[in-house]
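Residue numbering for the sequence shown follows our numbering, beginning at 320 and increasing consecutively.
Ideal Cβ placement from N, Cα and C applies to all residues, glycine included.
If you're wondering where the values come from, they're calculated on a predicted model, not measured in any experiment.
Notes follow the structure.
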Amino acid sequence: MSTPGQSPKSTARKSIRGAYRARGLRNNNLWLVYSVKTDRDWLLPSDRQLIHWLHYLESNPDVASFDLAPEPLLSHDADEVRATELDATVVYKDGHIEWHEVKAKLSSNAKDNSQFLAQAQAASKAAVKYRRFDDTQFQDVSASALRWLKPLAFAEVIRGQKHLPCQTALASYLLGEKDGTVGQILSSMKGFEAPTVLGVLIRIAIDSNILIDLKQRSFGLQTKWRVHG
């Protein structure tokens, strides 16, 4: 939300400047992304967090919602009470909650381990699962995760637009066919503009149980889809 008296664009610019300065000496990329699942923009401070968001959150059919800027939580290690920030809090469709931390790798640094222990202890106290992600997990999923940037762009173009006739017709087709290719979808939806159909398709896929297969190739006419569950 924007601050009273400030426009959303002004607030966004300040957030970006703040994140840029917070990098310190680290030369990480900043990514401003639109999430279909949460219907809002997020600022991601590294490539690793981009992969984490794309693969483990946005395109994960088991995830209902998430927060990539949760409030700091109070925890304590053996020496002191401290405030620590998680990279994500995640709510799954079955109702369970996870706390996520994204790192380059497991560290032998005492400060990093202290943070890990404090967060793990706080998660245990809150009765939620705590997961730590690093390059070990990302190296096998990064290629397929980045392929989601193209289809998500179609959904971003129609953000805020309902397109109910297209959504109704497409949902009926998907449930009737159960699987197929993106090209077959476009052929059957000739009464609607292709970019709109693709945007609605990705929105349905993110919001429900339509799986888009991007493991082997980029999003296109030959991309396969299927109903899940």
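Open item on the list: Tell me whether the region 504-524 and the region 453-465 touch, counting them as touching only if at least three CB pairs, one residue from each stretch, are closer than 8 Å.
Closed with: Touching, no.
- [ ] Just tell me which of A383, G518 and N348 has its CA closest to the CA of D413.
- [x] Of the listed residues, the one whose Cα sits closest to D413 is A383.
Open item on the list: Rounded to whole angstroms, what is the Cα-Cα separation between L362 and T455?
Closed with: Straight-line Cα distance between these residues: approximately 23 Å.
- [ ] Please specify which runs of the beta strand (DSSP E), each continuous and at least 3 residues long, are wholly inside the region 424-497, giving them in chain order.
- [x] Whole beta strand (DSSP E) segments, 3+ residues: 448-452.
- [ ] Quick one: grab the DSSP three-state call for T542.
- [x] Here T542 sits in coil by DSSP.
TODO: Would you identify the three-state DSSP class for V421, choosing helix, strand or coil?
DONE: Here V421 sits in strand by DSSP.
Open item on the list: Tell me the rounded alpha-carbon separation between L494 and H547.
Closed with: C-alpha of L494 to C-alpha of H547: approximately 10 Å in a straight line.
TODO: Spell out the partners DSSP gives S354 in its beta bridges.
DONE: Among the bridge pairs identified by DSSP, S354 is matched with R359.
Task: Pick from V516, P391 and E420 that is closest to Q480, judged by C-alpha positions - done: The residue among V516, P391 and E420 with its C-alpha nearest the C-alpha of Q480 is V516.
Task: Reference N347, options A445, F385, A437 and K422, closest by Cα - done: Checked all of A445, F385, A437 and K422; the closest Cα to N347 is K422.
- [ ] Assign L376 to one of two classes, buried (16 or more other C-beta atoms within 10 Å of its C-beta) or exposed (fewer than that).
- [x] Around the CB of L376, 16 or more other CB atoms lie within 10 Å, so the residue is classed as buried.
- [ ] Sort out for me which residues DSSP pairs S507 with in a bridge.
- [x] Bridge partners of S507: none, in fact.
Open item on the list: Please report the distance separating the alpha-carbon of F435 from that of Q503.
Closed with: If I take the Cα positions, the gap works out to 48 Å.
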